[in-house]
Amino acid sequence: MRRFTFLLRPSWVILAVVVAGFAYLCFTVLAPWQLGKNTSTSARNQRIADSVHSAPVDITSMLGGNGKDTEWRRVTASGEYLPNSTVLVRLRHLDGQPAYTVLAGFRLGDGRTLLVDRGQIAAANGGVHPPVVAAPPTGTQQLAARVRASEGIVENRPPVTEDGYRQVYSTDTEQESAVMATPLTGIPTAGRGGYLQLDEGQPGAFTPDPLPQLDAGPYLSYGLQWLAFGVMAPLGLGYFVWAEIRARRREKAEAAQTVPTPKPEPVPATTTSATPDPEPPAAPARPTNEARLADRYGGSRR
30 MRRFTFLLRP SWVILAVVVA GFAYLCFTVL APWQLGKNTS TSARNQRIAD SVHSAPVDIT
90 SMLGGNGKDT EWRRVTASGE YLPNSTVLVR LRHLDGQPAY TVLAGFRLGD GRTLLVDRGQ
150 IAAANGGVHP PVVAAPPTGT QQLAARVRAS EGIVENRPPV TEDGYRQVYS TDTEQESAVM
210 ATPLTGIPTA GRGGYLQLDE GQPGAFTPDP LPQLDAGPYL SYGLQWLAFG VMAPLGLGYF
270 VWAEIRARRR EKAEAAQTVP TPKPEPVPAT TTSATPDPEP PAAPARPTNE ARLADRYGGS
330 RR
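Residue numbers (the numbering used here): 30 to 331.
Right, dumping it as structure tokens:
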């Protein structure tokens with residue numbers, strides 16, 4: 030076992046700890062993170078693809094459900110827009126330019142009120158201020174829309190009132206309910222209470238958000254790469270250990286084959302020569318195994 034005592038050196042111990050920690054993170058954090066994103070993205074894409082070919086359903090039939098696989102479903106809603114319920118979502122983009130998303134309340138025939146995303150509208154004055162937003166049509170309206178999950182609340186960015194409009198930083202049913210001072214019924218989804226996103230050409234609609242591209246992205250590839258890294262790191266450490274053992278064996282064999290050069294015996298002086306013959310130069314001393322290890326690691330060998 031003496032051949033493995035070099036693994037107790039601090040440098041080897043630290044390297045082993047780093048490799049073990051990296052492999053642990055690859056298998057328990059990094060790879061599951063990317064593979065989980067691939068699973069959720071694939072599931073979302075499947076829901077969108079299914080919704081394209083499915084017939085819309087009345088939104089009232091979904092309000093009492095459990096919210097499983099409801100996002101992106103095509104629905105219809107009958108009711109009327111609430112007056113003076115316009116809320117703008119800041120920091121949006123339309124055709125690469127600053128824009129706002131226009132939200133409003135929509136009261137169903139049974140009295141429940143939903144949050145409706147009317148679409149995006151370009152900013153005015155070089156993107157500094159919102160434009161004049163046309164009020165939604167009055168009276169009973171029949172809407173075709175998709176169910177969307179709330180985005181959540183942006184921390185440290187509370188709602189504001191500027192340029193005559195109530196403005197927020199995300200589309201969230203609970204937040205907009207407080208801003209509008211109107212109870213809003215969240216549509217059951219996998220996340221927070223959902224809302225309606227109008228299709229193109231619907232009453233009161235502006236430019237709708239386009240559907241996401243049905244592309245799973247690189248998450249599966251990234252997840253497999255992290256798994257491969259988690260396997261390669263211990264294998265790499267094993268290779269370096271094997272290479273070190275081979276180098277030590279080779280140096281030990283070379284040290285055993287080294288034969289010291291005998292010193293030449295002195296020649297007695299004669300009367301015929303005034304000066305003695307010079308001694309032949311001594312062969313350079315070969316480095317010992319101890320010297321090689323000291324040069325590699327520094328200090329004395331354990």
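All C-beta atoms in this analysis are idealised placements derived from N, C-alpha and C, irrespective of residue type, glycine included.
In this structure the stretch 47-65 lies against the stretch 251-268, because at least three pairs of beta carbons, one per stretch, are closer than 8 angstroms. The alpha-carbon of LEU132 is positioned some 51 angstroms away from that of ALA49. Judged by DSSP in its simplified three-state form, GLU191 adopts strand. Uninterrupted beta strand (DSSP E) stretches at least 3 residues long and entirely within the stretch 157-186 occur at 170-177, given in chain order. In the same chain as GLY265, and ignoring 5 residues on each side of it, the C-beta atoms closer than 8 angstroms to its own belong to VAL48, in chain order.
Taking C-beta separations shorter than 6 angstroms and ignoring five residues to either side along the sequence, the partners of ASP87 in its chain run THR105, following chain order.
If the five residues before and after LEU213 are omitted, its C-beta is found closer than 7 angstroms to the C-beta atoms of GLY134, THR142, LEU143, LEU144, THR202, GLU205, SER206, all from its own chain and listed in chain order.
If you check the CB distance, GLY168 and GLY138 do not come in under 8 angstroms. When only Cα atoms are considered, PHE235 and LEU227 end up about 9 angstroms apart. Its Cα nearest to that of ARG136, the residue ASN113 stands out among ASN113, ASN154, ASP124, TYR268.
Annotation: the continuous beta strand (DSSP E) that includes GLN226 extends over 224-227. Counting every other CB atom within 10 Å of its CB across the protein chains shown gives PRO165 a total of 16 or more, marking it as buried. For SER107, DSSP records a beta bridge to GLN171. ASP79 sits exposed, since fewer than 16 C-beta atoms from the chains shown fall within 10 Å of its C-beta. Assigned with DSSP and collapsed to three states, THR200 falls in coil, not helix or strand. In this structure, the CA atom of SER71 is about 13 angstroms from the CA atom of ASP98. In this structure, ALA219 is the residue among VAL162, ALA245, ALA219 with its C-alpha nearest to the C-alpha of MET91. Relative to ARG186, the option among ASP124, ALA210, PRO127, LEU120 whose CA is nearest is LEU120. Of ARG38, GLU273, VAL116, TYR251, the smallest CA-CA separation from TYR194 is found for VAL116. Shown here, PRO61 sits in a helix according to DSSP, grouped into three states. Sixteen is the threshold: when 16 or more other Cβ atoms of the shown chains lie within 10 Å of the Cβ of GLN149, as they do, the residue is buried. As a beta-bridge residue in DSSP terms, PRO127 pairs with HIS122. Sixteen is the threshold: when 16 or more other Cβ atoms of the shown chains lie within 10 Å of the Cβ of GLN231, as they do, the residue is buried. By DSSP's assignment, ALA153 forms a beta bridge with HIS158.
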